[in-house]
Amino acid sequence: MGDVQKDVGPECSQDQFFNPILTMGYQMGAILVLSHAFQLSLKFIPGPIAQILAGFVLGPSGISNIEGIKKFFFQAFATNYYETMAMYARILIMFLIGLEFDSPYLMRNFKRASVISLCGCVTSTIFAFAITRFLYEETSAEGNHFLMTCMIAVVLSNSGSPLVIRLAADLRFANTDVGRLAISSALIGDLYAVGLTIIISRHKKEKSKTWVSDGFIALITIVTVIVANIYLTKFMNKRNRNKKYLSNFEVCFLLVIVFAGAMGVESIGYSSIYACFFFGLFFPRGGKTMRTLLIKLTYIIHNFIFPIYFGYSGFKADLSVVYKHTWRITIIVLVIVLSIGGKITGTLAACHYLKTPLNEGVLLASLLNLKCHADLVAMTVGQHNAMVTSQTFFSLMICSVVISSLISGPLIAFLVRRESDTLGYKHVTLELQDPDSELRILACVHSPRPVSTMVGLIATSRGSENVPITPYLMHLIELPSKNKTNKKKYPRDENEELMEEEEDYGGNDVVEINEAVDDFTAETGVMIHQVKMVAPFTSMYEDVCEFAEEVRASIIILPFHKHQRIDGKMESDKVGIRTTNQKLLQHAQCSVAILVDRGHTAGALKASGSESLQNVVTLFFGGPDDREALGFSTRMGSHHHINLTVIRFHSATSRDQNVELNVARKEDDVLMAISDYEKENEIDNTVLSDFYNRYVTSGRVGYIEKHVDNGAETSSYLKDIWEMYTMFIVGKGGRRQSTITTGLNDWEECPELGTVGDLLASSDFDESGSVLVIQQHSCKNDDDNDVDDKDVDSYDVT
1 MGDVQKDVGP
11 ECSQDQFFNP
21 ILTMGYQMGA
31 ILVLSHAFQL
41 SLKFIPGPIA
51 QILAGFVLGP
61 SGISNIEGIK
71 KFFFQAFATN
81 YYETMAMYAR
91 ILIMFLIGLE
101 FDSPYLMRNF
111 KRASVISLCG
121 CVTSTIFAFA
131 ITRFLYEETS
141 AEGNHFLMTC
151 MIAVVLSNSG
161 SPLVIRLAAD
171 LRFANTDVGR
181 LAISSALIGD
191 LYAVGLTIII
201 SRHKKEKSKT
211 WVSDGFIALI
221 TIVTVIVANI
231 YLTKFMNKRN
241 RNKKYLSNFE
251 VCFLLVIVFA
261 GAMGVESIGY
271 SSIYACFFFG
281 LFFPRGGKTM
291 RTLLIKLTYI
301 IHNFIFPIYF
311 GYSGFKADLS
321 VVYKHTWRIT
331 IIVLVIVLSI
341 GGKITGTLAA
351 CHYLKTPLNE
361 GVLLASLLNL
371 KCHADLVAMT
381 VGQHNAMVTS
391 QTFFSLMICS
401 VVISSLISGP
411 LIAFLVRRES
421 DTLGYKHVTL
431 ELQDPDSELR
441 ILACVHSPRP
451 VSTMVGLIAT
461 SRGSENVPIT
471 PYLMHLIELP
481 SKNKTNKKKY
491 PRDENEELME
501 EEEDYGGNDV
511 VEINEAVDDF
521 TAETGVMIHQ
531 VKMVAPFTSM
541 YEDVCEFAEE
551 VRASIIILPF
561 HKHQRIDGKM
571 ESDKVGIRTT
581 NQKLLQHAQC
591 SVAILVDRGH
601 TAGALKASGS
611 ESLQNVVTLF
621 FGGPDDREAL
631 GFSTRMGSHH
641 HINLTVIRFH
651 SATSRDQNVE
661 LNVARKEDDV
671 LMAISDYEKE
681 NEIDNTVLSD
691 FYNRYVTSGR
701 VGYIEKHVDN
711 GAETSSYLKD
721 IWEMYTMFIV
731 GKGGRRQSTI
741 TTGLNDWEEC
751 PELGTVGDLL
761 ASSDFDESGS
771 VLVIQQHSCK
781 NDDDNDVDDK
791 DVDSYDVT
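Just so it is clear: in the sequence shown, position 512 is 512 by full-length UniProt numbering, and no numbers are missing.
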């Protein structure tokens, strides 16, 4: 840089100060354009890989090898600016990863993730020791053998967690067990690589400074930033109680603290990669501060920083080192083969030990072979330290890193498409789920009215406190007619302008919903992921179904289209709400429940702060919907504030089962119906027998058998017990007719609730508890959707 300034005047020298900014702007624009072009033309290349490829083509390995373009894109004095911008990008990326990271999953699966990650890392490190001497001699390197081994080990063992996360999201399997395990393992692999990078960087320190003292200072810096964020977040949440989001100044102030902490760690000589991750990981969950940071950072990072950062990774590769010496291609191939081989060997060995399927092991190994993060940092640190002097070595390693990711990306896309049956959305009914397994709920609201009951239902549905739960609350807002062509979904596609425009979508309802969710999170410690969906009622169900599949929801809970007035009567809301519920019952690929909220439950289903015991009853008449309701109730019955009672209804007369069938049909149809009924009845008996032995005999759940003769007796019995329970849970029961419900649907108003659900939601039960009507998803319904769509018109309300 000094030689350049020697031949130019002051004005030209001043222009050079601004040239790096202009040059980076041109590069960013070119990378974005090229990456989109590759994505459109090469469908098999995932988005992040297309961005790396765009940087690779634009860089010195591609068109920048032309002398004129090289002078424009590669200015000697701009190198430091590029590295600085890359460091700033890493700070934001790792901070966002920490904010979004599913730490409860890692805690539950730490052994699996660590074994898979470390086996691949250790195997790769062994390979690094094996080829160090060969690479040392072939690249004419000078300096410390051990440091070169560490750098090679970083290249072979590192897993680029940002690239893994982004690729899993783009291929829509980030919420699967394989996706979450890969992300957790990649982060552990990053930690391993960062440890090796620290070993490399420590060699430039003076002997008077010890590892312990510097490490202690770095730890104090990290803890100080985490504590400062906790107190600042609490202050800002209280200060902005009546606001939807933080101001831009407050967000910038928080980010300045994060940047200051990261730069402090960097100045000591340690990598800030994991410091920034911990800043986000320990950032207080819930509240307007967290919500605002997620919205702002998600849009900026996913749409701008990620493409540019991945593109710059490809931009750094320079294959010109092999043009004059083609034998160096052998070195690149060797490093790539050992990198892939080390990951496959170690990961498959770990998967065999953990009894993980072979196809999942191959996909995990390919994902963990993605690079672009700590390995590039290690190469940069190694060059700056000059403990190993060989520009050829560093160039070949960077080329190996980039080409390895370019190879792994399409391979992963192919494996994901091939394993679509395994990785695709496969709903497991609540009837078949283990009550101690993770529960993923999508609760929807159109207004703040049912939010208190919804969050209370979420709190109790997890059962015992050690059962994992991943709840989502979706605020559904009707898109005004004039804007129906501009459907918006939050928070994934929200930017600065949309936040300002948001006043037109949701209004003050957003503030009330946020407050209810924040209070719930503060009381229970359960993080509810909030999403806002703005769409016309005609297509709203499609967006809900798509999101439910994306997050792998086990059940969708919808609000009833009527709400209770002050006088206790039920009043209808918009007709579009009911239409959306009906279409979701038909098209959703998971179980669907409709909540009739009568207000009692909002105060009844309280969290850990309450000592009250609430009475909940499940009405069991038989059939798949009732078994699904029983499965959901089983989870609630394990909650220490819920006193669950199951009432099974039997026919009072000892009639033949054939009487309950429609004998007007053909004889073959009657025989088939008899067979189906007997099969369903046998399943009901088996499920209830198992339920009785596990929960009733132990005294955890109450059980009553009620014999009735017809629908009138059933209705009379329900009226006798309506004051005893704060919530009634019942299956929709639309696939089975029974004499004990005969006559209940003579004045049916809401067929989407089923016979018994419609009765409990009627004006005769206005003073009773809330009602939860559950429908079990059945693949049989998928074939009948076209027919069912025609029946929606028959549900129109006045």
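Using N, Cα and C, we set each Cβ at its ideal position, and we do this for glycine too.
Using C-beta distances below 6 Å, list every residue in its chain close to Ser778, excluding the 5 sequence neighbours before and after it, in chain order. none
Per-residue burial, Gly29 [other beta carbons within 10 Å of its own, 16 or more giving buried]: exposed
Does the count of Cβ pairs from the stretch 516-525 and the stretch 391-402 closer than 8 Å reach three? no
Per DSSP, which residues does Phe649 bridge with? Please list them. Lys706
Which residues does DSSP list as the beta-bridge partners of Leu644? Val616
Does the Cβ of Ala262 lie closer than 8 Å to at least one heavy atom of the ligand GTP? Absence of the ligand GTP is noted for the structure shown, with no ligands found whatsoever.
Whose CA, out of Ile126, Leu294, Phe127 and Ser554, lies closest to the CA of Phe101? Leu294
Relative to the C-alpha of Ser271, which residue among Ser395, Ile222, Phe649 and Met290 is closest? Ile222
Unbroken stretches of the alpha helix (DSSP H), 4 residues or longer, contained in the stretch 107-142: 110-138
Using the rule of at least 16 other Cβ atoms within 10 Å of the residue's Cβ for burial, across every protein chain shown, is His475 buried or exposed? buried
Which value, in whole angstroms, describes the spacing of the CA atoms of Met499 and Arg449? Residue placement at Met499 is poorly supported in this model, since its pLDDT is 46, which falls under 50; the coordinates still yield a value, given next. Computed Cα separation, rounded: 23 Å.
Which residues in the same chain have their Cβ closer than 7 Å to the Cβ of Asn662, if we skip the five residues on either side of it in sequence? Caution applies to Asn662, whose pLDDT of 41 falls short of 50 and renders its modelled position unreliable; the model cannot decide the point.
To the nearest whole angstrom, what separates the beta carbons of Ile535 and Leu457, a pair I think is in contact under 8 Å? Per the sequence presented here, residue 535 reads as Ala, with Ile not at that position. Actually they do not touch by this definition, with Cβ atoms about 24 Å apart.
Where DSSP assigns a beta bridge to Tyr472, which residues make up the other side? Leu442 and His529.
Outcome for Asn229 when other beta-carbon atoms lying within 10 angstroms are tallied against a minimum of 16: buried
Delimiting residues of the beta strand (DSSP E) encompassing Gln775: Ser770 to Gln775
Run through DSSP, which three-state label would Gly731 get? strand
For Thr389, which residues of its own chain have a beta-carbon under 6 Å away from its beta-carbon, when the five flanking residues on both sides are left out? Glu142 and Gly143
Please name the residue, chosen from Val551, Ser313, Lys343 and Leu396, that lies closest to Leu423 on a Cα-to-Cα basis. Leu423 has its Cα closest to that of Val551, out of Val551, Ser313, Lys343 and Leu396.
From Thr139 to Thr132, what does the alpha carbon distance come to, in whole angstroms? 11 Å
Can you name, in chain order, every residue of its own chain whose Cβ lies under 7 Å from the Cβ of Ala113, other than the five neighbours on each side? Excluding its 5 nearest sequence neighbours in each direction, Ala113 has C-beta neighbours in its own chain below 7 Å: Leu106, Leu181, Ser184, Ser185 and Ile188, listed in chain order.
Continuous beta strand (DSSP E) stretch holding Pro162: start and end: Taken as a continuous stretch (DSSP letters only), Pro162 belongs to no beta strand (DSSP E), being part of the alpha helix (DSSP H) at Ser161 to Asp170.
Tell whether a beta-carbon distance below 9 Å holds between residue 854 and Leu196. Only positions 1 to 798 of the chain appear in the structure, and residue 854 is not among them; the question remains open.
What does DSSP give as the partner residue(s) for Ser591 in the beta ladder? According to DSSP, Ser591 bridges with Ile555.
Look at Ile198 and Leu147 and say whether their C-beta atoms are less than 9 Å apart. no
Suppose you measure from the CA of Ala459 to the CA of Ile441; what does that come to, to the nearest Å? 11 Å
On the three-state DSSP scale, how would you describe Met724? Correct three-state label for Met724: coil.
How many Å lie between Gly702 and Arg627 at the Cα? 17 Å
Using C-beta distances below 7 Å, list every residue in its chain close to Glu705, excluding the 5 sequence neighbours before and after it, in chain order. Arg648 and His650
Could you tell me the distance, in whole angstroms, from the CA atom of Gly335 to the CA atom of Tyr353? Looking at the sequence itself, residue 335 is Val, so the reference to Gly does not match. Each residue's alpha carbon lies about 27 Å from the other.
Cβ contact check for the stretch 272-286 and the stretch 84-104: 3 or more pairs under 8 Å: Yes: at least three Cβ pairs fall under 8 Å.
Going straight from the alpha carbon of Glu713 to that of Ile740, what length do you get? 8 Å
Hey, quick one: how far does the alpha helix (DSSP H) through Gln51 stretch, first residue to last? Gly47 to Leu58
Kindly indicate which residue of Gln776, Asp709, Asp434 and Gly623 has the alpha-carbon position closest to the one of Ser591. Ranking Gln776, Asp709, Asp434 and Gly623 by Cα distance to Ser591 puts Gln776 first.
When you compare the CB positions of Val225 and Val258, do they come within less than 9 Å of one another, or not? yes
His427 and Gln589 look like a contact to me (Cβ under 8 Å); what is the Cβ gap, rounded to whole Å? 6 Å
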